[in-house]
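Please read the structure below before turning to the comments.
Residue numbers (my numbering): 1156 to 1699.
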């Protein structure tokens, strides 16, 4: 509300709250720091897990940053920015979802100290941007090269991503599967490799142990054969992929058929049967003995397919149809009438098997499969879910490494080297921006410091050793949380993709600067009421 000649002028709706200037920044920074602190203890191989219980009582146990932030019910707008930051990191790089949020929170914490010294937010933002540009330059100089054929290095990268997860006991076995899958699916385009993770299917089935997870060189469908009379196993399978239903299509407009004689009814039904028989004859004519249909299959069509000893599966998802096309080299046809011998694909074996309590169809033995499946087993539901998350991270980091061909040492080695070089760079910058650049370097300490704290080590002692090693020129020196020493991370097999660190620094700085630029918060009355209505809600609690 403002006043004009003593008369009040109402600009905003009644009940709207407005926070301006320093108070607005303080509120936003506090919200971001709370989110950062909530997941800080999950960082690293010895990080703790969080138990998330939703309003329906469903339980998720995980230490994956993106999953934790996705599950908790966040209300504050600045906290939502941190949640989006984690999701973006997950989509772009697949790993580093916890580190990016912790780093953004620490950058804001350091910025708050500078704001308290009356340094303008724009000066801090400019300093952070200059420091991040320098950090990305250091990253590029530190990076090592890796090739698609370097199986051992790629396995180390996958194992690093799975450290600290519930899959850690079987990480070597699972890393071997991940690397085989990524190397097989990788396609070369214009001299560069591209790995399409959509062609790698993860299927979860509770039961047995993680060690009994399978790699299938083809596709596994969580479906069963449509008719009891059909063969359940087909060797040397000739596969047809049909997008349209194997049914008599209904008219698109209202129509009435006037039948006055029972013979007319019989003729009408006989004509439908004839059309369905012709569809099956067409499939049989091109030599196909296995059919995957994206839509439904009529009961009569099922009967004719069973009679022709053709295995059929219906209502296959469009994603699975694409994977089947990639794996078997078959072409997806939109109409049975268009099916030719050239559209038929090949698989060494198509078989229905019982996995746990469910029946599944395995399509394997493909000549050059560009789509593969990992069947994840585990003793409990939360174990299988966490294994899926761990494999998702491992697949992503191996994909990043194959596509970019660049890797970096882990264990806080990168951060320690950036701290050293950025502090040197700060000396060459004049004015208050120098303080912001130094604060950026100090903020990066949070990563190796948290790794040490979460492993029960003395963070001051570890940081002292780490700084000393990097001053002596040991660029790859990082924290080994198992021995409690500072060692060469590359020799120790702790390796991360360059892309993960690059996105981590860029995204954290972008999120921090976005929050720092906000100097006015206008909250509608509805938002306040909504927030009040959620008080006392038990869902989304978390414990270590």
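Here a beta-carbon is modelled for each residue, glycine too, at the ideal position from N, C-alpha and C.
Item                                                                                                                                                                       : Value
Can you list, in chain order, the residues of its chain whose CB lies under 7 Å from that of residue 1176, leaving out five sequence neighbours each side?                 : 1674
I'd like the list of long-range same chain contacts for residue 1328, defined as Cβ closer than 7 Å, with 5 residues on each side in sequence excluded.                    : 1366
Apart from the five residues just before and just after residue 1393, which ones in its own chain have a Cβ nearer than 6 Å to its Cβ?                                     : 1442, 1443, 1444 and 1499
Indicate whether the contact test is met: 3 or more Cβ pairs, each with one atom in the segment 1612-1627 and one in the segment 1273-1289, closer than 8 Å.               : no
Rounded to the nearest angstrom, how far is the Cβ of residue 1194 from that of residue 1253, given a contact under 8 Å?                                                   : 5 Å
Please state whether DSSP places residue 1644 in a helix, a strand or coil.                                                                                                : coil
Measure from the alpha carbon of residue 1342 to the alpha carbon of each residue in 1310, 1354, 1549 and 1333, then state which is nearest.                               : 1354
Going by C-alpha to C-alpha distance, which of 1231, 1233, 1196 and 1232 sits closest to residue 1223?                                                                     : 1196
List the residues that DSSP assigns as beta-bridge partners of residue 1608.                                                                                               : Residue 1608 is not bridged to any residue.
State the DSSP-derived secondary structure class of residue 1463, mapped to helix, strand or coil.                                                                         : coil
Are the Cβ atoms of residue 1534 and residue 1361 separated by less than 9 Å?                                                                                              : yes
Mind reading off the beta-carbon distance from residue 1664 to residue 1287? Whole number of angstroms is fine, and I expect it under 8 Å.                                 : 4 Å
In the DSSP assignment, the beta strand (DSSP E) including residue 1175 goes from what residue to what residue?                                                            : 1172-1175
Report the three-state DSSP secondary structure of residue 1456 (helix, strand or coil).                                                                                   : helix
Can you grab the Cα-Cα spacing for the pair residue 1653 / residue 1572, in whole Å?                                                                                       : 14 Å
Taking the alpha helix (DSSP H) that residue 1276 falls in, what are its first and last residues?                                                                          : 1276-1297
Chain D beta carbons: is any one of them nearer than 9 Å to that of residue 1287?                                                                                          : The structure shown contains no chain D, having only a single protein chain.
For residue 1174 and residue 1226, what's the separation of their Cα atoms in angstroms?                                                                                   : 29 Å
Measure from the alpha carbon of residue 1259 to the alpha carbon of each residue in 1658, 1679 and 1678, then state which is nearest.                                     : 1658
With three or more C-beta pairs closer than 8 Å as the rule, is the segment 1557-1569 touching the segment 1293-1307?                                                      : yes
Considering just the uninterrupted stretch of the alpha helix (DSSP H) at residue 1257, what are its terminal residues?                                                    : 1252-1271
May I have the straight-line CA-CA distance separating residue 1679 from residue 1168, to the nearest angstrom?                                                            : 8 Å
Counting only runs that start and end within the segment 1499-1550, where is the beta strand (DSSP E) found for 3 or more residues in a row?                               : 1500-1510, 1513-1519 and 1527-1533
Entirely within the segment 1363-1415 and at least 4 residues each: give me those alpha helix (DSSP H) ranges in chain order.                                              : none
Determine the DSSP secondary structure at residue 1154, reduced to helix, strand or coil.                                                                                  : This structure leaves residue 1154 out entirely; the chain is present only between 1156 and 1699.
Where do the ends of the beta strand (DSSP E) carrying residue 1632 lie?                                                                                                   : 1632-1635
Name the DSSP beta bridge partners of residue 1348, please?                                                                                                                : 1343
Using 10 angstroms around the beta-carbon of residue 1279, count the other beta-carbons present and answer buried if the total reaches 16, otherwise exposed.              : buried
Measuring straight from C-alpha to C-alpha, what distance separates residue 1645 and residue 1315?                                                                         : 11 Å
Starting from residue 1572, trace the beta strand (DSSP E) in both directions and tell me its first and last residue.                                                      : Taken as a continuous stretch (DSSP letters only), residue 1572 belongs to no beta strand (DSSP E), being part of the alpha helix (DSSP H) at 1568-1581.
Could you check which residue in 1580, 1178 and 1250 has the C-alpha nearest to that of residue 1270?                                                                      : 1178
Can you look up residue 1361 in the DSSP assignment and give me helix, strand or coil?                                                                                     : strand
Roughly how far, in whole angstroms, is the beta-carbon of residue 1309 from the beta-carbon of residue 1554, given that I think they are within contact range, below 8 Å? : Wrong, their Cβ atoms sit about 10 Å apart, outside the cutoff.
Taking 8 Å as the threshold, find out whether the segment 1514-1527 comes into contact with the segment 1468-1480 through three or more Cβ pairs.                          : yes
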